[in-house]
Each structure stands twice: as structure tokens, then as C-alpha cells.
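**Student:** Sending over a structure as C-alpha cells; questions will come in a sec.
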Amino acid sequence: MSADLGYGMTLVALALAVYGGIAAGVGARSGRLALVESAQHAAVGVFVLVTSCFALLTYAFLTFDFSIRYVATNTNLGTPFYYRITAVWGALEGSIILWSWMLALYTIILIVRHREGARELYPWALATMLGILAFFLLVMTVAAPPFQRQVPVPPDGRGLNPLLEDTGMITHPVALYLGFTGFTVPFAFAMAALITGRIGDTWLVLTRRWTIVAWYFLSLGLLIGGWWSYHVLGWGGYWAWDPVENAAFMPWLTGTAFLHSVMIQERRRMLRLWNISLVILTFGLTLFGTFLTRSGVIASVHAFTQGSIGILFLGFLALVLLTALGLVAWRWDAFRSEGELDSVVSRESAFLLNNVLLVAAAFTVFFGTVFPLLSEAVRGEKVSVGAPFFNQVNVPLFLSLVFLMGVGPLIAWRRASVDNLKRNFLWPIALGIVAAAVAFALGVRSFLASLTFATTVFVAATIAVDFIRATRARLRVGESLFPAMGGLLLRHNRRYGGFVVHLGILIIALGVMGSHAWSVQTETTLHRGETAELAGYRFRFDGLTAVEESNHFKVIGAFTVSNGRPLGVLRPAKKFYPQEQAPIAYVDYRLGLREDLYLVLGDFARDGSQATIKLQVNRLVSWIWIGGVVLTLGALLAILPERHKSA
Amino acid sequence: MSRLVVAWLATLMLLGATVHFATAQSSKAVSETTVHDVAAQLRCVVCQNLSVADSPSEMASQMRAIIRERLAAGESPADVQRYFVDRYGEWILLSPPRRGFNLLVWLLPLVAVVVGLAVTAALVWRWSHRPRAARAMPVVDPAMSERIRRELERES
Amino acid sequence: MKRLWRWLIPLAAVPVLALLAYGFRVSPRDIPSPLVGRPAPAFTLATLGGAPLDLAAYRGKVVVVNFWASWCYPACYEEAPVLERNWRGYRDRGVVVMGVGIQDKREAAEKFVGDLGLTFPVAQDLKGTVSVDYGVYGVPETFFVDRQGRIRLKHVGAVTDEVFQTTVDRLLAEAPAQ
Numbered sequence: 006m007s008a009d010l011g012y013g014m015t016l017v018a019l020a021l022a023v024y025g026g027i028a029a030g031v032g033a034r035s036g037r038l039a040l041v042e043s044a045q046h047a048a049v050g051v052f053v054l055v056t057s058c059f060a061l062l063t064y065a066f067l068t069f070d071f072s073i074r075y076v077a078t079n080t081n082l083g084t085p086f087y088y089r090i091t092a093v094w095g096a097l098e099g100s101i102i103l104w105s106w107m108l109a110l111y112t113i114i115l116i117v118r119h120r121e122g123a124r125e126l127y128p129w130a131l132a133t134m135l136g137i138l139a140f141f142l143l144v145m146t147v148a149a150p151p152f153q154r155q156v157p158v159p160p161d162g163r164g165l166n167p168l169l170e171d172t173g174m175i176t177h178p179v180a181l182y183l184g185f186t187g188f189t190v191p192f193a194f195a196m197a198a199l200i201t202g203r204i205g206d207t208w209l210v211l212t213r214r215w216t217i218v219a220w221y222f223l224s225l226g227l228l229i230g231g232w233w234s235y236h237v238l239g240w241g242g243y244w245a246w247d248p249v250e251n252a253a254f255m256p257w258l259t260g261t262a263f264l265h266s267v268m269i270q271e272r273r274r275m276l277r278l279w280n281i282s283l284v285i286l287t288f289g290l291t292l293f294g295t296f297l298t299r300s301g302v303i304a305s306v307h308a309f310t311q312g313s314i315g316i317l318f319l320g321f322l323a324l325v326l327l328t329a330l331g332l333v334a335w336r337w338d339a340f341r342s343e344g345e346l347d348s349v350v351s352r353e354s355a356f357l358l359n360n361v362l363l364v365a366a367a368f369t370v371f372f373g374t375v376f377p378l379l380s381e382a383v384r385g386e387k388v389s390v391g392a393p394f395f396n397q398v399n400v401p402l403f404l405s406l407v408f409l410m411g412v413g414p415l416i417a418w419r420r421a422s423v424d425n426l427k428r429n430f431l432w433p434i435a436l437g438i439v440a441a442a443v444a445f446a447l448g449v450r451s452f453l454a455s456l457t458f459a460t461t462v463f464v465a466a467t468i469a470v471d472f473i474r475a476t477r478a479r480l481r482v483g484e485s486l487f488p489a490m491g492g493l494l495l496r497h498n499r500r501y502g503g504f505v506v507h508l509g510i511l512i513i514a515l516g517v518m519g520s521h522a523w524s525v526q527t528e529t530t531l532h533r534g535e536t537a538e539l540a541g542y543r544f545r546f547d548g549l550t551a552v553e554e555s556n557h558f559k560v561i562g563a564f565t566v567s568n569g570r571p572l573g574v575l576r577p578a579k580k581f582y583p584q585e586q587a588p589i590a591y592v593d594y595r596l597g598l599r600e601d602l603y604l605v606l607g608d609f610a611r612d613g614s615q616a617t618i619k620l621q622v623n624r625l626v627s628w629i630w631i632g633g634v635v636l637t638l639g640a641l642l643a644i645l646p647e648r649h650k651s652a
Numbered sequence: 043m044s045r046l047v048v049a050w051l052a053t054l055m056l057l058g059a060t061v062h063f064a065t066a067q068s069s070k071a072v073s074e075t076t077v078h079d080v081a082a083q084l085r086c087v088v089c090q091n092l093s094v095a096d097s098p099s100e101m102a103s104q105m106r107a108i109i110r111e112r113l114a115a116g117e118s119p120a121d122v123q124r125y126f127v128d129r130y131g132e133w134i135l136l137s138p139p140r141r142g143f144n145l146l147v148w149l150l151p152l153v154a155v156v157v158g159l160a161v162t163a164a165l166v167w168r169w170s171h172r173p174r175a176a177r178a179m180p181v182v183d184p185a186m187s188e189r190i191r192r193e194l195e196r197e198s
Numbered sequence: 010m011k012r013l014w015r016w017l018i019p020l021a022a023v024p025v026l027a028l029l030a031y032g033f034r035v036s037p038r039d040i041p042s043p044l045v046g047r048p049a050p051a052f053t054l055a056t057l058g059g060a061p062l063d064l065a066a067y068r069g070k071v072v073v074v075n076f077w078a079s080w081c082y083p084a085c086y087e088e089a090p091v092l093e094r095n096w097r098g099y100r101d102r103g104v105v106v107m108g109v110g111i112q113d114k115r116e117a118a119e120k121f122v123g124d125l126g127l128t129f130p131v132a133q134d135l136k137g138t139v140s141v142d143y144g145v146y147g148v149p150e151t152f153f154v155d156r157q158g159r160i161r162l163k164h165v166g167a168v169t170d171e172v173f174q175t176t177v178d179r180l181l182a183e184a185p186a187q
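Chains as they are written, first to last, in the working numbering: chain A, 6 to 652; chain B, 43 to 198; chain C, 10 to 187.
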């Protein structure tokens with residue numbers, strides 16, 4: 006019964022969304038406010054219905070309702086309570102419901118926030134949102150219905166993919182999707198701007214906070230994904246340049262470019278065409294991401310796909326791109342440039358360079374991801390494009406971007422005088438060179454590591470220079486230290502939020518460099534009592550234990566770790582799930598500021614007499630997570646509503 | 043091999059990974075680092091997109107053992123790589139070899155950056171040399187200029 | 010004319026979309042083997058019963074080498090009866106079917122063979138050297154080797170009666186080059 010109810014609600018929601026989209030569009034065109042209002046009501050209806058579907062599905066999961074196929078495939082009687090909830094979005098159908106729900110939520114927020122303030126743009130933005138929502142509801146109805154019946158009703162379900170039984174599972178998809186769907190709103194306003202011809206600053210100002218929020222969630226989702234990969238998947242890494250990872254990274258890159266180029270348009274009224282194109286590109290890339298994940302067109306760890314859904318997504322992607330870009334071409338004349346630059350050496354140039362590098366990086370990642378497909382299409386040869394390629398090609402781009410992070414915020418708008426350059430950059434450059442020398446003295450011989458270190462010190466110094474100088478100015482006016490610093494942060498929260506974000510990126514950059522340049526690993530087979538050594542640590546294999554859990558069977562290896570002093574016992578394990586063909590590795594690790602110890606259990610003898618173990622000492626990886634936290638704090642600071650408009 | 047790989051290899055060796063390889067009685071001592079480096083260039087065939095070095099799967103473990111054996115028997119890393127390419131095709135290399143059509147994926151990003159920089163430079167040139175209406179310098183009174191100075195100080 | 014250049018922008022999306030659409034026609038897991046047409050790599054393993062299994066000993070016959078695993082469900086379980094059936098049908102005509110099990114514990118392999126009643130020689134490739142030698146990237150995979158010891162066909166996935174019989178008949182029809 007609940008299956009039918011759910012399906013019925015989905016159908017009604019789809020109908021309402023379609024109606025709402027059309028009503029808002031017609032209302033916008035003809036100026037009939039009543040139609041726009043009825044579209045609003047339709048949107049509310051959609052939100053209520055989708056929420057109810059979500060609740061219904063969750064209830065089905067919680068009560069082990071195996072008459073619904075989605076529940077039976079993704080859970081079984083042994084699945085623990087909290088994972089039964091997160092399993093709701095653990096597979097294809099649930100992910101579509103989650104996406105739709107977030108779109109509906111964002112539509113409601115859009116209505117509440119903007120129906121008064123943006124008379125011209127609002128109805129068209131609403132129409133676009135409802136149109137996109139209608140598509141996802143269509144997918145939910147036709148291609149991935151979550152309420153399909155399972156007949157006959159099985160006594161037990163198949164079970165959740167064991168890799169998803171983790172806290173990361175609760176947060177990673179949610180954050181990621183909030184980011185992806187968040188970019189729909191700026192896109193909707195960009196479309197409204199194109200349709201109405203009001204391509205000036207209005208749409209930009211309206212969407213600024215939306216963009217930062219979406220960017221924040223996307224960053225969070227990527228970071229949590231990296232953390233999840235590191236501590237669950239058992240391969241000791243946090244980023245594999247997997248096609249679906251790339252698909253989430255590309256909109257982040259273009260979204261970051263957009264965040265920066267927006268500032269040029271705000272100040273100098275330039276780059277309007279570029280900004281609209283960036284938003285369209287970013288949204289298009291989010292659709293491309295969902296397409297990749299669900300179509301199986303490119304092999305990926307993340308792909309969870311079946312059937313016709315890929316074609317639907319490709320069709321929608323085509324529709325969106327051709328319509329949006331067509332509108333750009335239609336409105337081409339309106340973009341006549343008022344661009345004016347005073348000097349090449351200026352903040353505008355730095356931001357332009359930032360954009361070129363970010364979009365080039367996005368292009369690199371995109372081309373590398375689709376190249377296997379291109380190679381096969383053109384010459385029938387299958388090739389792989391993996392981590393070594395992406396690392397090699399992207400490192401120079403990212404390092405240049407890090408360097409720019411130091412230049413951009415301090416260099417003057419319009420024209421940077423020699424004086425301005427000296428005042429802002431002399432110390433940081435000097436400190437950067439000193440840092441390189443220090444690295445060399447400490448024995449670092451990798452050119453890349455030294456360069457990264459020097460660049461991060463340079464950027465940190467520029468941030469410090471700015472902050473110190475500004476604090477001193479306030480101290481001179483009579484404020485005391487902490488109120489001065491706090492006041493700075495809060496009053497110019499956009500600027501200093503940006504600085505904190507940059508600081509987070511610096512820490513991440515150091516973590517990435519450390520983990521690539523200085524991590525070591527080995528693999529060895531140990532008999533009981535034997536010891537292996539790596540990087541000053543000793544690992545003694547003590548034996549195996551077998552444990553029966555509610556939905557799997559676990560073999561745990563005990564390894565005593567010491568480095569002169571005893572450091573405890575690490576217990577990597579192998580989990581055997583009845584529904585999985587191969588055992589799942591359960592990694593054990595010991596995190597540290599300087600290095601992580603990371604153990605993966607391989608093959609073992611039945612009687613516990615010997616085991617193969619993969620040992621890793623990963624350096625500076627924790628800095629990535631710390632940098633991530635700093636980054637998100639910075640983003641939160643930047644999102645705060647501004648107290649006083651500072652010029 | 044690229045300079046990057048050489049730099050990292052050098053770093054690793056200098057920083058001194060103390061590796062104790064407990065089992066194999068090999069005819070030539072093979073450093074786990076070398077095994078790892080060769081394995082990092084090969085794609086794990088049963089996973090998606092992981093390298094043989096990284097993958098926790100059994101197949102990858104067996105492939106690493108084969109790499110170890112071959113290196114111990116005196117083969118060079120390039121030989122081992124060629125062996126795998128012979129059996130699986132170019133697909134098994136995680137980085138497409140820089141030959142022929144594959145050059146496209148290596149060069150196009152570079153081209154994109156160059157084109158982007160060139161277009162930006164052209165635009166910046168055009169914008170900074172646009173003829174501007176002559177502006178008369180306004181007369182500023184001292185109180186105003188004091189306020190401006192203070193604002194500028196706060197701004198920087 | 011200048012007005013038309015702007016329409017290149019939406020048009021630029023078309024080749025990308027076309028490429029993605031092409032992706033539906035190919036499977037990323039379908040990797041062509043470079044070994045087809047080349048001599049089948051030699052191997053010597055021991056069958057589960059203990060007898061030696063040497064590929065070279067069967068030169069002159071048509072050999073079907075099948076890679077399988079007991080955890081490969083359902084494909085290996087579907088094709089095992091096919092292999093057994095055709096083994097019995099063709100064994101007197103100079104055809105040998107042999108199974109190479111990978112990544113299995115001995116008991117699992119023996120159970121597989123016992124449960125499915127396989128009578129053709131079955132060995133285990135415990136170290137994985139043979140499967141890597143043959144460029145195996147998943148199970149099941151079946152290689153058809155002609156009388157000169159060259160691999161003529163690699164079949165990925167469960168083998169069917171049709172594939173088996175068509176290929177083996179074709180290889181049998183070729184005159185032995187002596």
C-alpha cells in the first residue's frame with residue numbers, strides 16, 4: 006500500500022512541478038502575477054509531496070518493508086539502525102529522491118527570499134528551478150522509481166554495500182548534493198537574466214551568497230569524500246582521480262573561478278559575459294557529474310547505474326546546454342564590453358589569471374576524464390588516464406594558483422604602483438626564499454617540495470602582512486588588540502573569510518605535498534611473532550581472531566606497534582559479507598600530526614599462523630583534514646551578513 | 043622518466059625509508075620502493091581506476107608479487123612494464139604513453155593554458171589602452187582629504 | 010556574417026554531447042586482448058587431483074582454456090554446464106577443455122568442481138602468474154587455442170554453446186600445419 010501511495014505522490018509532484026514551471030514562465034512573459042503565485046503554491050505542494058515520499062521511504066527502511074524492491078536490495082535484517090536511515094540515499098533511486106528534495110527545498114528558500122526583491126528576474130528563476138525539478142521528478146517516476154514492488158516479498162533483504170556502513174556515508178552525499186543542487190539557483194538567475202535581458206549586476210548580487218553556500222557544501226563534500234576514501238576504502242589514499250571524483254571537482258574549480266570573477270564585475274562592471282558563461286558551465290558540469298555517476302559510460306568506482314537513466318541525463322544535459330548557450334548567443338549584443346583596465350599590474354589582472362588557470366585546470370580534468378572515450382571513438386584503442394597523468398599535469402597549475410593567492414588580495418585595484426608592490430610583497434618574497442633555503446638545509450632535495458613550501462610561506466606571509474597592518478591601524482586609533490582583530494574579521498568578513506579560506510588551502514597544499522613526497526610503504530608476509538620495520542616503526546604480528554557480527558564475519562589481525570616506546574595494537578581486518586563476492590578490507594590506522602600509520606590486512610592463513618600486511622607511513626595527511634576545517638570556517642565567516650558595507 | 047618522478051624517488055631514498063622485507067628469498071634484493079613505483083604506473087585490472095600499488099584486492103597483490111619476482115630476476119622496471127602492456131594492452135598503463143594520438147591529452151591542457159593566457163593578454167591590452175575621456179582633477183578640501191586618507195588606511 | 014559567429018558557442022557543446030552519446034555504445038569493461046593471434050603463453054600447473062597440467066602437451070589439439078572462480082556468481086556457474094557438455098561432446102575429436110581457477114581456496118575450488126560435476130582437467134593458479142600471463146582481468150574468461158598453439162579468440166563472460174561450438178568447429182576445420 007505504501008508503495009502505491011509513494012508512487013502516486015511522485016506522480017502528483019511531477020505534475021505540479023510541470024504545471025508550476027509553465028505557469029511561472031507564462032506569468033513572467035505576460036506579467037500576470039496570479040499565475041506566478043499559483044506557481045509558488047505548486048512549488049510548495051511539490052516540496053510537501055517530496056518530503057512525504059522521503060519520509061515514507063525512510064519509514065519503509067526502518068520497518069524492514071521488503072515488499073519494496075529498493076528496501077530489499079539495500080538493507081537486510083542485520084543492518085544496524087542508523088545505517089538503515091542512511092541507506093535511504095545509498096543507491097540510485099534514493100540519490101534521486103535526495104537530489105529532488107534538495108532542489109525543492111532550495112526552490113522554497115528562493116521563493117521566500119526573492120519574491121519581493123527581484124520582480125523581473127524572480128518569475129523566470131522560479132520557472133527554471135521548477136523545470137529542473139520536474140526533470141528529476143521525471144527520472145524518479147520513469148527511470149528510478151523508489152517505490153517499485155518486490156514480488157514475492159523476500160524474508161530478508163540483500164543488505165547495504167558494506168563500504169557504505171560508515172559515518173562518511175551520512176554526510177558525504179548530503180554535503181555533496183547540497184553543493185551540486187546549490188549551484189542550480191545561480192544558474193536559474195542567470196537564465197532569468199538572459200531571458201529578460203537584464204544581464205547587469207542584479208542577478209549577480211542576488212546569487213552571491215547562494216554561490217558561496219553551494220561552494221562551501223561542495224568543498225565540504227569533497228573533503229569528507231577524501232576522508233572517507235582514506236579511512237574506509239583501504240588503499241591508503243584520499244583522491245584517486247576517479248571519473249566521478251573528477252566530475253565533482255570540475256564544478257568546484259569553475260565555481261571557485263566564478264567566486265573570484267564576480268568581484269571584478271562588482272567593482273569594474275566587466276566580464277559579464279564571462280560570469281554568465283561560468284555559471285552555465287558550472288551547472289552543466291554538475292549535470293555532467295550526475296550523468297557520469299549514473300550512466301556507466303566511463304568506468305568508475307562510484308558508478309551506481311542501470312538502464313535508461315543515462316540517456317535521460319544526457320538528453321537533459323543537451324537540453325540545458327543548448328538552451329542556455331543559445332540564450333547567450335541570442336543576447337550577445339547586450340554584452341558589449343565596457344571593460345576598462347588601468348594597468349596590467351593590478352588586482353584585476355591577478356583575478357583574470359586566476360580564472361584562466363582554474364578553468365584550464367577544469368578543462369584538463371575534463372579532457373583527461375573523457376579521453377579514454379575519445380581514444381576509443383577515434384582509433385578504437387582503449388587507454389587509461391589515471392592519477393599519474395592528472396598529478397603531473399595539474400601540479401604546475403595548482404602551484405601557480407597558490408602563488409596567485411598571495412598576490413591577488415594584496416595587489417592594488419586598477420594600478421599597482423612600485424611602492425604598493427614593495428610595501429606588500431618585499432617581506433613575503435624574502436620569507437619565501439628563506440623558507441626554500443631552510444628546506445634545503447633540512448635535507449629536502451625534491452625541487453617540487455621546496456617550491457611548494459616556499460610558495461605557501463610566501464602566501465602565508467602576505468596574509469600576515471595584511472592582517473598585521475590592518476590591526477595596527479586600528480590599534481593606532483585606540484582599540485585594544487583582541488577587539489581590533491575581532492572587529493576586523495567581522496567587519497570585513499568577506500575579505501577575511503577569504504583569507505581564512507586561502508589559509509585552509511595552504512594547509513591542504515602542504516598536506517598534499519607531504520603525503521606525495523614523503524610517504525613510504527611496504528608489503529610483507531609475517532609469521533606469528535615476526536616483526537616488520539618501516540620508517541622507524543616496528544610492527545609485530547600477534548595473531549588473528551575471528552568475530553561474528555550482525556551482518557558479516559570479520560577476521561582481525563593484531564599488530565603491536567612500537568617505535569622505541571610501545572604505541573599500542575592496531576587491528577586491521579577483513580570483513581566477509583554474504584552478499585559480496587570479495588571481502589572488504591577494514592583499515593586500522595593511527596593518525597598523527599606529522600604522520601599516520603596505516604595498516605591493511607591482505608591474505609592470511611586459516612590457522613592464523615601467518616598474514617600478509619601492507620604497511621604505510623603517510624606523512625602530513627592530517628594537515629589535509631585540518632586545512633579542510635579551516636577552509637570551511639573561512640567560508641562560514643564569508644557567508645555572514647555584512648555589518649557595514651566597506652566600500 | 044619524468045623529472046617529477048626522479049625528484050620524488052630521490053627524496054624518498056634520501057629521507058631513508060627503512061624497509062625490512064621479511065620473506066622472499068630473492069636472487070637480487072628488490073627494494074619495495076621500486077616495486078611500489080612500478081606498481082603505481084599500472085592499473086589494477088579488477089578495480090576501477092586504482093593503481094596496482096594502491097589496490098587492496100587480491101589480484102593486485104598477486105600482480106605486485108609478479109612485479110617483485112621479475113625485478114628480482116634482473117628485469118628493469120621498463121621491462122616489467124612492457125610485459126604487462128604485452129598482455130593487457132596500453133590500457134593497463136595509468137598514464138597514456140606520450141606517443142601518437144595520446145599526445146593530444148598531454149598537449150591540449152598546455153595549449154588551453156597558452157590560449158587562455160594569450161586571449162587574456164589581448165583583452166587586457168585592449169582594455170588598458172582604450173581612449174579615456176579626460177578627467178579634470180577635482181579640488182579637494184583638507185577635511186575631505188583627511189577622511190579619504192583614513193579610509194584608505196583602513197582599506198589597505 | 011559576423012552575427013553568425015556567436016552561434017558557435019552553443020554549437021561547441023554538440024561534439025562533446027556526441028562523444029558522450031557514443032559512450033553508450035561501448036562498454037568500459039570490454040578490453041580487446043593483444044594476445045589474439047599470438048602463441049598462447051605456456052604454463053604448467055597441477056590439477057586438483059594432483060596430475061600435471063601442461064599446455065604444451067596438448068599441441069596439435071584444439072584447446073579451450075577457461076579461467077573461473079568459485080565466487081564468480083552467477084556467470085561461472087552458468088557456463089560450467091556448457092563447458093562440461095561440450096567437453097564430453099568434443100573430446101574424441103581432438104579438443105581439450107581445461108579450467109584454471111584463480112584466487113580461490115582449495116576447498117572452494119574442489120567444491121565448485123564437485124558440485125557441478127566437471128570432468129575436464131581443472132587446476133588452480135594460486136600465484137596468479139598464469140592469469141596475468143593471459144591478460145585476465147576478470148572471470149570468467151575463455152581462450153580458444155588452435156592446433157598450432159595460437160590464441161584465436163578470447164571470450165569475456167559466460168561462454169555459450171553457440172560461441173563454443175562455432176569457434177571450435179572453425180578451428181577443427183583448419184588443417185594442422187605440419
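Quick reminder that beta carbons are idealized off the backbone N, C-alpha and C, glycines included.
In chain order, which continuous runs of the alpha helix (DSSP H) of length 4 or greater are located wholly inside the segment 466-511 of chain A?
**Tutor:** Runs of the alpha helix (DSSP H) inside the segment 466-511 of chain A: 486-496.
**Student:** Taking the continuous alpha helix (DSSP H) assigned at ALA616 (chain A), which residues delimit it?
**Tutor:** Looking at the DSSP string, ALA616 (chain A) is not in any alpha helix (DSSP H); the run it does join, the beta strand (DSSP E), is 615-624.
**Student:** Could you name the residues of chain A that ILE18 (chain C) contacts, counting a contact when the two beta carbons are closer than 9 Å?
**Tutor:** SER282, LEU330, GLY331, VAL333, ALA334, TRP337, listed in chain order.
**Student:** Quick one: which unbroken beta strand (DSSP E) runs of 3-plus residues sit fully inside the segment 19-61 of chain A? Chain order, please.
**Tutor:** Segments of the beta strand (DSSP E) lying fully in the segment 19-61 of chain A: there are none.
**Student:** In whole angstroms, what is the alpha-carbon distance linking PRO646 (chain A) and ALA475 (chain A)?
**Tutor:** For PRO646 (chain A) and ALA475 (chain A), the distance between alpha carbons rounds to 21 Å.
**Student:** Just the Cα atoms here: how many angstroms apart are VAL635 (chain A) and GLY502 (chain A)?
**Tutor:** Roughly 10 Å separates the two Cα atoms.
**Student:** Cβ of THR162 (chain B) less than 8 Å from any chain A Cβ?
**Tutor:** Closer than 8 Å: yes.
**Student:** Closest by CA to THR295 (chain A), which one among A:GLY50, A:PHE141, A:TRP232?
**Tutor:** The shortest Cα separation from THR295 (chain A) among A:GLY50, A:PHE141, A:TRP232 belongs to A:PHE141.
**Student:** Considering only the beta carbon of each residue, do VAL505 (chain A) and GLY639 (chain A) sit closer than 8 Å?
**Tutor:** Going by C-beta atoms, VAL505 (chain A) is nearer than 8 Å to GLY639 (chain A).
**Student:** Could you name the residues of the segment 130-154 of chain C whose beta carbon sits closer than 8 Å to any beta carbon of chain A, in the order they occur along the chain?
**Tutor:** The segment 130-154 of chain C vs chain A, Cβ under 8 Å: nothing.
**Student:** Looking at the structure shown, is MET6 (chain A) part of a helix, part of a strand, or coil, going by DSSP?
**Tutor:** Coil, per DSSP.
**Student:** Do the segment 198-217 of chain A and the segment 245-259 of chain A make contact, defined as three or more Cβ pairs closer than 8 Å?
**Tutor:** The segment 198-217 of chain A, when compared against the segment 245-259 of chain A, does not touch it at the 8 Å Cβ threshold.
**Student:** Excluding the 5 residues flanking ALA540 (chain A) on each side, which residues of the same chain have their C-beta closer than 6 Å to its C-beta?
**Tutor:** Excluding residues within five positions, the ones whose Cβ falls inside 6 Å are VAL525, VAL622.
**Student:** From this set, C:SER36, C:ARG100, C:LEU92, C:VAL139, which residue's C-alpha is nearest LEU125 (chain C)'s C-alpha?
**Tutor:** Nearest C-alpha to LEU125 (chain C): C:LEU92.
**Student:** Put ALA176 (chain B) into one of helix, strand or coil per three-state DSSP.
**Tutor:** The predicted model places ALA176 (chain B) with a pLDDT of 41, which falls under 50 and marks its position as unreliable, so this point remains unresolved.
**Student:** Listed in chain order, which residues of the segment 574-597 of chain A have Cβ atoms closer than 8 Å to some Cβ of chain B?
**Tutor:** So the close ones are ALA587, ALA590.
**Student:** Helix, strand or coil for ARG97 (chain C) per DSSP?
**Tutor:** Correct three-state label for ARG97 (chain C): helix.
**Student:** Under a CB-based cut-off of 8 Å, is ARG129 (chain B) close to chain C?
**Tutor:** Yes - at least one Cβ of chain C is within 8 Å of the one on ARG129 (chain B).
**Student:** Does any CB atom of chain A fall closer than 8 Å to the CB of ARG15 (chain C)?
**Tutor:** So, interface residue.
**Student:** Helix, strand or coil: how does DSSP classify TRP418 (chain A) here?
**Tutor:** If DSSP states are grouped into helix, strand and coil, TRP418 (chain A) belongs with coil.
**Student:** For the segment 92-122 of chain B, list every residue whose C-beta sits within 7 Å of some C-beta in chain C, in sequence order.
**Tutor:** Residues passing the 7 Å Cβ filter: GLU100, MET101, GLN104, MET105, ALA107, ILE108.
**Student:** Could you tell me which of A:ALA195, A:ALA382, A:LYS579, A:ASP547 sits nearest to VAL560 (chain A), measuring between CA atoms?
**Tutor:** Residue A:LYS579 is the option with its Cα nearest to VAL560 (chain A).
**Student:** Between VAL267 (chain A) and GLU117 (chain B), what straight-line distance do the alpha-carbon atoms span, to the nearest angstrom?
**Tutor:** C-alpha separation (whole angstroms): 56 Å.
**Student:** By Cβ distance, which residues of its chain are closer than 7 Å to LEU19 (chain A), with the 5 residues on each side in sequence left out?
**Tutor:** Excluding positions up to five away in sequence, the list reads ALA139, LEU142, LEU143, THR146.
**Student:** Let me know the secondary structure DSSP gives ALA442 (chain A) once reduced to three states.
**Tutor:** Three-state DSSP puts ALA442 (chain A) in a helix.
**Student:** Going along the chain, which unbroken runs of the beta strand (DSSP E) with 3 or more residues stay wholly within the segment 516-579 of chain A?
**Tutor:** DSSP runs (the beta strand (DSSP E)) wholly in the segment 516-579 of chain A: 525-532, 536-539, 542-553, 558-567, 571-575.
**Student:** What residue does the alpha helix (DSSP H) around MET107 (chain A) start on, and which one ends it?
**Tutor:** Residues 97-119.
**Student:** For GLY573 (chain A), which residues of its own chain have a beta-carbon under 7 Å away from its beta-carbon, when the five flanking residues on both sides are left out?
**Tutor:** Excluding positions up to five away in sequence, the list reads VAL566.
**Student:** At the level of alpha carbons, what is the spacing between VAL552 (chain A) and PHE558 (chain A)?
**Tutor:** One C-alpha to the other measures close to 6 Å.
**Student:** Which residue wins for smallest C-alpha separation from THR374 (chain A), given the options C:LYS136, C:LEU20, C:GLY144, C:LEU28?
**Tutor:** When each option's Cα is compared against that of THR374 (chain A), the closest is C:LEU28.
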